[in-house]
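Asker: Top line first, the protein sequences correspond to chains X and H.
Residues are numbered in our numbering as their position in the first sequence, beginning at 1, plus a constant of 59.
Residues are numbered in our numbering as their position in the second sequence, beginning at 1, plus a constant of 122.
Note that beta-carbon positions come from the ideal geometry of N, C-alpha and C, so glycine has one too.
Here the structure is a predicted model, which is why all the values come from computation and not from measurement.
Dropping the structure in here first, questions after.
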Amino acid sequence: MTGRWLGLVLALVALAALPAWMPGTYYVNVSSQILIYAVFALGINVLAGYGGLVSLGHAGLFGIACYAVAVSLAAGAGHLAAILVGLAVTLLGTAVFAALSLRTTGIGFLMITLALGQILWGLAYRWIGVTNGDNGLTVASRPAPFGFSLETATAFYYATLLTFLLGVLAMAVFANSPFGASLAGTRDQPRRMTALGYNVWMIRFYACMFSGLLSGIAGILFVYYNQFISPQSLSLTASAEVVLMVIAGGTGTLMGPIVGAALVVVMKNVASAYIERWNFLLGAIFVAIVIFMPEGLVPGTVRLLRWAMRSLAGKAVPAGGDGGR
Amino acid sequence: MSALVSRGLEKSFDALRVTRDVNLDVEPGERRLIIGPNGAGKTTLFNLICGEIRPDRGSVTLFDRELTRVPSRRRAHLGLSRTYQIITLFPRDTLLRNVMLSLLGLDRLRWSPFVSLGAQRHLAESARRALDRVGLLHLADRPMAHTSYGERRRVEIAMALAQNPKLLLLDEPFAGLSIDERGDVQKLLNAIPRDVTIVMIEHNMDVALEFAERISVMHFGEVVVEGTRAEVVANPRTKEIYLGE
């Protein structure tokens, strides 16, 4: 068994046993939050990391899923129907989002997604008849798939873990697929990709849809986790926070967004209990990452480990590798 | 049937007319050289033929197929490949992966998110054959960032040839190469079979004139002289353009 597979098995065992070794329910809930935001960050990473398209409006797509589920449940739908409606509405919203924002790339894409995200935030805030405005919507209960109630922190953690693992698997398959390579090609050389026969716009559109799907799944988990949704979850800050997770962990890597999500959620929920100015600390950590590991925590750590191994061994370590991909 | 026909191709960027009434007839298997001073409109002509920019007027035909309104990406599927004056490769990938991306561009597999690209042996084998053709097979697994300028030029050509084009447009393939590297690329181009028609822009006259069968001289967006090597070299207009009156 190679080191990579051994690490994967150990990580799976640790994640599966996590509720048993966590000191209390609070920390199990924090772990669920990390997994939810990791799925969201994986969605952002499809575009930012593999497609070179940084979006500041994805909290809007995340929020569409949350509101669609909450409104469906309030209208009397069952959980399965509400989840399906949530996914369908999110994908529809993503298609509109993509059709409008993919007219441009770079800073233009960033600004259009920001504007679209703000429109959705404004709708959530002002369309009181549907969203209940600033007061938000509550979700009375969590689903019970196959008779297993998700009402306890541990049960919900396992449901989130399963969804997270499926998300990671989907990302791993996607990143190594021909379509993943095509998307990365459009990031590096869109003009050349067109000359080679690729439909660059359509590749980016499908990537947006995949990104929106992951964001929607994260949104559905989020609304069931909190059993509440308010416009704050669609704000610019929410979008920027997830982009920062991806950048801090390492764009275009599989593990980077997960590590970035863990960093931010732990700082918000755990460090904030001990450090009053935890925002300052989080900012300082981001600055340190940008200075010392501009490629992100995961590829930066891999680079430092290689350097350390070279220094210890006193001979060259083969070049290449995937930097944590 | 001509390999490439352009009729009355015109393109302006605001008040600047970059090409004016460009008419070309390139026969199948022909080696055509396009020369002219900087700013003559040669690369713009390539961009018009490839569909990267739309002409204001005129038409482009590839083996009797009207291309003028065909999107740029579709032209690759119809047998049109090109290289760029400024090298445009995928620097994060290996040479093999660069050529595989080229092959994938014409393969329906490019849309698949469910299979592993690394497991597509037929693509890898074709890519290795293309790299072998340009003498770079031994560097197949080397990251593009760790290659020399001359090697990148040859990867560009490998990517274009991997698509089995009917018409190959080469935009200054000898630019920036050392004498040895020029010799390598020249041999490589000479080895391309006649079922591939080649149109080449080049400033290096030593290698270009030897390669070309017919030459078109462009000046201020117009084709001002056209003919065989001897005809073009003997034409006083050519001398005027290059040496002044």
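Under 9 Å Cβ-Cβ, which residues of chain H neighbour residue 264(X)?
Answerer: None at all; the shortest Cβ gap to chain H is about 12 Å.
Asker: Helix, strand or coil for residue 183(H), going by three-state DSSP, please let me know.
Answerer: strand
Asker: Drop a sphere of 10 angstroms on the beta-carbon of residue 284(X), count the other beta-carbons inside from all chains shown, and report buried for 16 or more, exposed for fewer.
Answerer: buried
Asker: For residue 45(X), is the classification buried or exposed, using 16 other Cβ atoms within 10 angstroms of its Cβ as the cut-off for buried?
Answerer: No answer is possible for residue 45(X): the residues shown for chain X start at 60 and end at 384.
Asker: Checking contacts by CB at 8 Å: is residue 380(X) closer than that to chain H?
Answerer: Legend: pLDDT at residue 380(X) = 46, less than 50; position of this residue unreliable, no value from coordinates given.
Asker: Does the beta-carbon distance from residue 228(H) to residue 256(X) come in below 8 Å?
Answerer: yes
Asker: With C-beta atoms as the reference, is residue 190(X) less than 8 Å away from residue 286(X)?
Answerer: no
Asker: Near residue 322(H), what residues of its chain come up, given a Cβ to Cβ distance below 6 Å and the 5 sequence neighbours on each side ignored?
Answerer: 155 and 292
Asker: In the structure shown, what three-state DSSP assignment does residue 302(H) receive?
Answerer: helix
Asker: Mapping the DSSP letters down to three states, classify residue 131(X) as helix, strand or coil.
Answerer: helix
Asker: Does DSSP put residue 149(H) in a helix, in a strand, or in coil?
Answerer: coil
Asker: Taking only beta-carbon atoms, is residue 237(H) less than 8 Å away from chain X?
Answerer: yes
Asker: Please determine if the stretch 249 to 263 of chain X and the stretch 202 to 215 of chain X are in contact, where contact requires at least 3 C-beta pairs separated by less than 8 Å.
Answerer: no
Asker: So, for residue 383(X): in the same chain, excluding its five sequence neighbours on each side, which residues have a beta-carbon less than 6 Å away from its beta-carbon?
Answerer: With a pLDDT of only 47 at residue 383(X), under the threshold of 50, the placement of this residue in the model should not be trusted; the figure read from the coordinates follows. Counting only Cβ-Cβ distances below 6 Å, and skipping sequence neighbours, we find 312, 314, 357, 358 and 361.
Asker: Would you kindly report the start and end of the unbroken beta strand (DSSP E) that includes residue 350(X)?
Answerer: Annotation: residue 350(X) is outside any beta strand (DSSP E); the continuous alpha helix (DSSP H) that includes it extends over 337 to 351.
Asker: According to a CB-to-CB cut-off of less than 8 Å, which residues of the stretch 135 to 146 of chain H neighbour chain X?
Answerer: none
Asker: Pair every Cβ in the stretch 295 to 310 of chain X with every Cβ in the stretch 102 to 110 of chain X, then say whether three or more of these pairs are closer than 8 Å.
Answerer: yes
Asker: Residue 91(H) and residue 148(H): beta carbons closer than 8 Å?
Answerer: Only positions 123 to 367 of chain H appear in this structure, which leaves residue 91(H) out of reach.
Asker: Of the choices 255(H), 303(H), 299(H) and 133(H), whose alpha-carbon is the least far from that of residue 285(H)?
Answerer: 255(H)
Asker: Under three-state DSSP, which class holds residue 195(X)?
Answerer: coil
Asker: Just checking: is the beta-carbon of residue 133(H) within a distance shorter than 8 Å of some beta-carbon in chain X?
Answerer: no
Asker: Using DSSP with H/G/I as helix, E/B as strand and the rest coil, what is residue 288(X)?
Answerer: strand
Asker: Mind pulling the chain X residues with CB within less than 8 Å of residue 201(H)?
Answerer: Correct list: empty, because the minimum Cβ distance to chain X is about 11 Å.
Asker: Helix, strand or coil for residue 310(X), going by three-state DSSP, please let me know.
Answerer: coil
Asker: When burial is assigned at 16 or more other CB atoms within 10 Å of the CB, is residue 260(H) buried or exposed?
Answerer: Counting of Cβ neighbours within 10 angstroms places residue 260(H) among the exposed residues, the total staying below 16.
Asker: Among 306(X), 162(X), 246(X) and 239(X), which residue has its Cα nearest to the Cα of residue 344(X)?
Answerer: 306(X)
Asker: Closest by CA to residue 200(X), which one among 132(X), 247(X) and 221(X)?
Answerer: For residue 200(X), the nearest C-alpha among the options comes from 132(X).
Asker: May I have the straight-line CA-CA distance separating residue 77(X) from residue 166(X), to the nearest angstrom?
Answerer: 41 Å
Asker: If we count the other Cβ atoms within 10 Å of its Cβ and call it buried at 16 or more, is residue 61(X) buried or exposed?
Answerer: exposed
Asker: Chain X partners of residue 213(H), CB-CB under 8 Å?
Answerer: 247
Asker: Contact defined as beta carbons within less than 8 Å: I believe residue 179(H) pairs with residue 132(H). What is the distance between those atoms, to the nearest angstrom?
Answerer: About 4 Å separates the two Cβ atoms, so the contact holds.
Asker: For residue 289(X), which residues from the same chain have a beta carbon less than 6 Å from its beta carbon, with the 5 sequence-adjacent residues on both sides left out?
Answerer: By the criterion of a C-beta distance shorter than 6 Å, residue 289(X) is surrounded in its chain by 195, once the five residues flanking it on both sides are discounted.
Asker: If we count Cβ pairs, one from each stretch, closer than 8 Å, do we get three or more for the stretch 121 to 136 of chain X versus the stretch 265 to 276 of chain X?
Answerer: Contact check between the stretch 121 to 136 of chain X and the stretch 265 to 276 of chain X: three or more CB pairs, one atom from each, fall below 8 Å, which counts as touching.
Asker: Just to check my reading of the structure: residue 128(X) and residue 279(X) have Cβ atoms closer than 8 Å, yes? What is that Cβ distance to the nearest angstrom?
Answerer: 6 Å
Asker: Spatial neighbours of residue 357(H) within its chain, please: C-beta separation below 6 Å, excluding the five flanking residues on both sides.
Answerer: Excluding sequence neighbours, residue 357(H) sits near 347.
Asker: Going by other Cβ atoms of all chains shown within 10 Å of its Cβ, with 16 needed for buried, is residue 171(X) buried or exposed?
Answerer: buried
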